[in-house]
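Sequential numbering from 286 applies to the sequence shown in this note's numbering.
Beta carbons: idealized from backbone N, C-alpha and C, even for Gly.
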Amino acid sequence: MTLYLKDATYIDWKTLAFTSTHLAVSPGDDGRIQFLDALPSADDLGADDKILDCRQRLVTRAFGCGHHHIYSALARGMPAPAKIPHDFLEILQYIWWHLDKSLNTDMIEASALVSALYCAKNGVTFVIDHHASPFAIDDSLETIARAFDRVGISHLLCYEISDRDGEGPKEKGLQETDTFLSSGRQGHVGLHASFTVGDDLLKRAIDLAYKHNTGLHVHVAEDAVDQDACLKKYNKRVVERYADAGALELSKSIFSHCIHLDEKEKQLLREADIYIVQNTESNLNNNVGVTNYRELGENIILGTDGMHSDMLRSAKAAFLTGQATEGLGMDTVYSRFRKVHDYIRDNGFSGDGDNHLVILDYDSPTDIDAGNFLGHFVYGLDARHVESVIAGGRLIVENRRLLTVAEDEILAYSREMGRQLWEKL
């Protein structure tokens, strides 16, 4: 099956060059796009081939999310916590750790389906997720994977292993990770954060990452509480602890947040071959602070931290905040927006080939070209302009409607699971 895009304006995601052309999009993990001077005649089309009219449409590479929490999908509008939190640790204790302990397998499935739905309609076709459900761990990663597969979203998953809920959930988290990665699924070894991860767990997680030729995916110094606990217990700072344990030698690792760091830690990260995820909106929402990511090197990617599934929105937030905190330019925020593709490619993960595309119906009041695209990217383009989405050469969204699963059924299911979750809260 080949998908043909007729009369498209193709934007090269690396160079931003504009090309008026027809495109042939082939399916599969190794699928490619081909520029055509003319489309095949009706007689030459295969039975499963399709031509999509892309006149006055922009076509470019689809988007990726560097750090998501799909388990938070049912939190929107949930009841207020029993106690109003006053700091980051209380936010975790009274909101997120209370919620994740209440999840069951059906709620996890609903969270994954509705998150994948939102990702697809926002042009996000690859998601790196960090999951937690300490009393519903068994088969949780495969449940998420199957849900994302149904919608057509590629993924790189992990379970957030921690000591905070005791030996049972810790051991189950390690086993779930080993089982999932042993099945042939791609993913990380997930850890919550240093202040809930003891030395035994950290060593076993690193050993497991080496076993499966992958990296860690961990929250790092999101709040000062992480540093305070590490200094008190280990007499070293968080990144130093991970470096001493060998975590920085795992090149596939993702360190999320990385806000409260000193100069030595920043140098360690600059010298390491790992990637760091910036989650601006979540950090502002939790009032944990902001930082200058320029000081951490070039391997910076953007995530949502479960706030939503809209990477264009994340990019705008990073830009607007970054102007004051790090003198961020439009070119740099676009580079971070796209850096996730480098991470996936350079580390040998699949599901993010050239045949992942978005078709944008961008009703701009002014001209757009390679010279001013970045201005449109920051101040103009948003999720409402995503008209159609191609994932792995397969059309999964057409005219803003999901094709792979029934949207109404997913939303009805998620609302029912949301009600059940809220009753438990």
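- Around the C-beta of Pro419, 16 or more other C-beta atoms lie within 10 Å, and the residue is accordingly described as buried.
- Looking at the DSSP output, Arg346 sits in a beta bridge with Leu642.
- Per DSSP, reduced to three states, the secondary structure at Gln460 is helical.
- The beta carbon of Leu666 sits closer than 8 Å to those of Leu597, Leu645, Tyr647, all from its chain and outside the five residues before and after it, given in chain order.
- Residue ranges of uninterrupted alpha helix (DSSP H) with 4 or more members, entirely inside the segment 344 to 418 and ordered along the chain, are 373 to 376, 382 to 387, 390 to 406.
- One alpha carbon belongs to Gly614, the other to Leu442, and they sit about 31 Å apart.
- Listed in chain order, the non-local C-beta contacts of Asp333 below 7 Å within the same chain comprise Met286, local neighbours out to five positions each way being set aside.
- 8 Å or more divides the Cβ of Arg621 from the Cβ of Gln705.
- Thr410 and Pro312 have their C-alpha atoms roughly 14 Å apart.
- For His416, the CB contacts under 8 Å within the same chain, skipping 5 residues up- and downstream, are His354, Ile355, Tyr356, Ile393, Ser425, Leu426, Ile429, Leu442, Cys443, Tyr444, Glu445, Gly475 in chain order.
- The C-beta of Ala655 has fewer than 16 other C-beta atoms within 10 Å across all chains shown, which makes the residue exposed.
- Ser538 counts as buried, since at least 16 other C-beta atoms from the protein chains shown sit within 10 angstroms of its C-beta.
- Nearest to Lys624 by alpha-carbon distance, out of Ala602, Asn584, Gln319, is Asn584.
- Taking a contact as a CB-CB distance under 8 Å, the pair Asp448 and Lys455 counts as one, their CB atoms being some 6 Å apart.
- Scanning Ser673, Glu701, Arg700 for the CA closest to the CA of Asp338 turns up Ser673.
- Below 8 Å, too few C-beta pairs join the segment 394 to 402 and the segment 477 to 486 to call them touching: fewer than three.
- With respect to the 8 Å criterion, His497 and Leu535 are not classified as neighbours on the basis of their beta carbons.
- Leu441 has Ile413 as its beta-bridge partners, per DSSP.
- Taking Asp329 as the centre and dropping the five residues before and after it, the same chain places no C-beta closer than 8 Å to its C-beta.
- For Ile629, the uninterrupted alpha helix (DSSP H) segment begins and ends at 615 to 631.
- DSSP, read as helix, strand or coil, puts Arg522 in coil.
- Assigned with DSSP and collapsed to three states, Val436 falls in helix.
- Bounds of the alpha helix (DSSP H) holding Ala602 are 596 to 611.
- The three-state secondary structure of Asp485, taken from DSSP, is helix.
- With contacts defined as CB atoms closer than 8 Å, Leu688 and Leu696 fail to qualify as a contacting pair.
- Tyr664: not part of any beta strand (DSSP E); member of the alpha helix (DSSP H) spanning 658 to 664, first to last residue.
- Around the beta carbon of Ala528, 16 or more other beta carbons sit within 10 angstroms, so the residue counts as buried.
- By the Cβ test, the segment 371 to 381 is in contact with the segment 497 to 512, since at least three Cβ pairs between them sit closer than 8 Å.
- The three-state reading of DSSP puts His593 in coil, since its state is none of H, G, I, E or B.
- Here the alpha carbons of Gln460 and Gly500 stand approximately 16 Å from one another.
- Measuring C-alpha to C-alpha distances from Val344 to each of Lys291, Ala490, Lys521 identifies Lys291 as the nearest.
- Of the residues assessed, Asn640 falls on the buried side of the cut-off, its CB having 16 or more other CB atoms within 10 angstroms.
- By the Cβ rule, the segment 541 to 549 counts as touching the segment 572 to 589, because three or more pairs are nearer than 8 Å.
- Take the alpha-carbon of Gly636 and the one of Asp314: they are about 6 Å apart.
- Put simply, the backbone Cα of Cys350 is about 28 Å away from that of Ala365.
- In terms of Cβ geometry, Val310 and Ile675 form a close pair [threshold 8 Å].
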